[in-house]
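Novice: Just dropping this structure here.
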């Protein structure tokens, strides 16, 4: 049975993985950066507090930390809040073969469970590793393209199973309890792409909801609640209900590859499908006067076109932060005018760094109107192994082209240690968290408690 294979892996997982510290630092940075910069943060945190009810007593109740404030919540509520914050800038890590963001739901669930149990950092790492492996494997098995075609958000749905694995390993659930937890999660996995219709904050909530479901499912299973058998590959299971092209056999390969090592980190806070195009446009930008641009052609995988290029009229008129993160015309216009779409450029352009938002700027609008978005047979053939892009910019009667097969931040083209640390430092600036201290703790978790890690990620 598919679930048995996953449970066996969870019970034997080893979290001592060389790439994990960089992903942990990235997660803490994007979560704390989301707390600082995302327009949705005040409303989301107010909503979490209303759901939470009375503040738990750390002396008698299991509690976990809201980052970076240090506020104490129940583990389920902390998982919801921190998971949402980690995705609120769309700057979190991405596993391309499954088309999901594993860190946001998995680390949020593992951290909340670890604090609630007061476990070691070693146990926390084991949970994170299990969560990445499970979320990414289930994402590949469901068939991400077919899953998207049915209108589901992979991070929300498959992230739920990763969160169960993470919380279950941290909490020391046995095989039967893990099976029940996954069975319960089969009735919880959810997340619609309808947020694209109006740039809704559902997108940002999705990993937090998945993380919370991981805590809830393991709570219920530990209490003896019986979950559905074969929740993934059963007749009415997740694969049958959520995809027209599942590949359950992919689950048999869990653990053959380190999902953490397969996961890339983002240099730009927007949809990953746009990153190769941004990389290519950055090559052209120094040679082009934006005022002279006549046309911009962007070719990306068709799955990315559906998310960032259709309907083109709407994508040329984004009306908010999320809209801009899923607009190829906006990304192209920003990159050509600023030379990049990094955190500072993007956050400034969407009005999160004191400047007014630029989506109504006539110069940006003119470039968005000049942008067309489609696919290319060569790009489509190599997808999903490669998330490539080809761009062509015509200015002054001359056309310049550039192609990128692998976006910056992927394992084949990694961000350097300096780039990773600079990203973290930029996101942590002004938060009250010491970036150097956090990086040092993340790099030396052996023998530490989770409390030490959380303390380093809490504002002074």
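Residue numbers (the numbering used here): 809 to 1268. Ideal Cβ positions, reconstructed from N, Cα and C, are used throughout, including at glycine.
On the DSSP letters alone, give me the boundaries of the alpha helix (DSSP H) that residue 840 sits inside.
Specialist: 828–845
Novice: Going straight from the alpha carbon of residue 1221 to that of residue 1072, what length do you get?
Specialist: So the two alpha carbons sit approximately 9 Å from each other.
Novice: Just to confirm, is the Cβ distance from residue 894 to residue 842 under 8 Å?
Specialist: yes
Novice: Measuring only the C-alpha atoms, how far is residue 1040 from residue 942?
Specialist: Between residue 1040 and residue 942, the C-alpha separation is close to 12 Å.
Novice: What is the DSSP secondary structure of residue 903, reduced to helix, strand or coil?
Specialist: strand
Novice: Identify the residues that DSSP records as bridge partners of residue 758: which are they?
Specialist: With the chain covering only 809 through 1268, there is no way to say anything about residue 758.
Novice: Based on the DSSP output, what are the partners of residue 1107 in its beta bridges?
Specialist: 1182, 1198
Novice: Residue 1179 to residue 1124, Cα distance in whole Å?
Specialist: 8 Å
Novice: Would you list the residues sitting across from residue 1101 in a DSSP beta bridge?
Specialist: 1203
Novice: What does the Cβ neighbour count give for residue 1031, buried or exposed, with the cut at 16 atoms within 10 Å?
Specialist: Counting the other Cβ atoms within 10 Å of the Cβ of residue 1031 gives fewer than 16, which makes it exposed.
Novice: Within the same chain, show all residues whose beta-carbon is closer than 6 Å to that of residue 830, passing over the 5 residues directly before and after it, in chain order.
Specialist: 1228
Novice: In its own chain, which residues sit with a C-beta less than 8 Å from the C-beta of residue 1069, not counting the 5 before and 5 after it?
Specialist: The residues are 825, 826, 827, 1219.
Novice: Could you pull out every residue in the same chain whose Cβ sits closer than 7 Å to the Cβ of residue 877, ignoring the five residues on either side in sequence?
Specialist: 1267
Novice: Determine the direct distance from the alpha carbon of residue 1225 to that of residue 1054, and round the result to whole angstroms.
Specialist: 37 Å
Novice: Among residues of its own chain, excluding the 5 on either side of residue 1143, which ones have a beta-carbon nearer than 7 Å to its beta-carbon?
Specialist: So the list reads 1086, 1089, 1090, 1093, 1149, once near-sequence residues are dropped.
Novice: What residue range is occupied by the uninterrupted alpha helix (DSSP H) comprising residue 963?
Specialist: Residue 963 -> alpha helix (DSSP H) spans 962–978.
Novice: Alpha carbon to alpha carbon, how far is residue 1083 from residue 1205? Give it in angstroms, no decimals.
Specialist: 26 Å
Novice: In its own chain, which residues sit with a C-beta less than 6 Å from the C-beta of residue 1154, not counting the 5 before and 5 after it?
Specialist: 1077
Novice: Using 8 Å as the threshold, is the C-beta distance between residue 989 and residue 976 below it?
Specialist: yes
Novice: Is residue 872 closer than 8 Å to residue 924 when the C-beta atoms are compared?
Specialist: yes
Novice: Given a cut-off of 8 Å on the beta-carbon distance, is the pair residue 936 and residue 823 in contact?
Specialist: yes
Novice: In the DSSP assignment, find the alpha helix (DSSP H) that holds residue 1231 and state where it starts and stops.
Specialist: 1225–1236
Novice: Mind checking who residue 1000 pairs with in its DSSP beta bridge?
Specialist: Paired residues: 960.
Novice: Only counting the same chain, and skipping five residues up and downstream in sequence, which positions put a Cβ closer than 6 Å to that of residue 1074?
Specialist: 899, 1217
Novice: List the endpoints of the continuous alpha helix (DSSP H) containing residue 1142.
Specialist: Boundaries of the alpha helix (DSSP H) harbouring residue 1142: 1136–1146, taken from the DSSP string.
Novice: Could you give the DSSP three-state label for residue 1115: helix, strand or coil?
Specialist: helix
Novice: DSSP beta-bridge partners for residue 872?
Specialist: 881
Novice: Using the Cα positions of residue 892 and residue 1189, report the straight-line distance between them to the nearest angstrom.
Specialist: Separation of residue 892 and residue 1189 (C-alpha to C-alpha, rounded to the nearest whole angstrom) is 34 Å.
Novice: Just curious, the alpha helix (DSSP H) that residue 1010 is in, first and last residue?
Specialist: 1010–1030
Novice: Is it the case that the Cβ atoms of residue 1253 and residue 933 are separated by a distance below 8 Å?
Specialist: yes
Novice: Look at the alpha carbon of residue 1231 and the alpha carbon of residue 837, and state the distance between them as a whole number of angstroms.
Specialist: 8 Å
Novice: Is there contact here, the region 904–921 with the region 851–861, by at least three beta-carbon pairs under 8 Å?
Specialist: no
Novice: The alpha helix (DSSP H) with residue 1123 in it runs from where to where?
Specialist: 1120–1123
Novice: Taking only the alpha-carbon atoms, compute the straight-line gap between residue 955 and residue 1018 and give it to the nearest angstrom.
Specialist: Answer to the nearest angstrom: the Cα atoms are 17 Å apart.
Novice: Going by other Cβ atoms of all chains shown within 10 Å of its Cβ, with 16 needed for buried, is residue 1119 buried or exposed?
Specialist: By the Cβ-count criterion, residue 1119 is exposed, with fewer than 16 other Cβ atoms from all chains shown falling within 10 Å of its own Cβ.
Novice: Do the region 1045–1052 and the region 1019–1030 make contact, defined as three or more Cβ pairs closer than 8 Å?
Specialist: no
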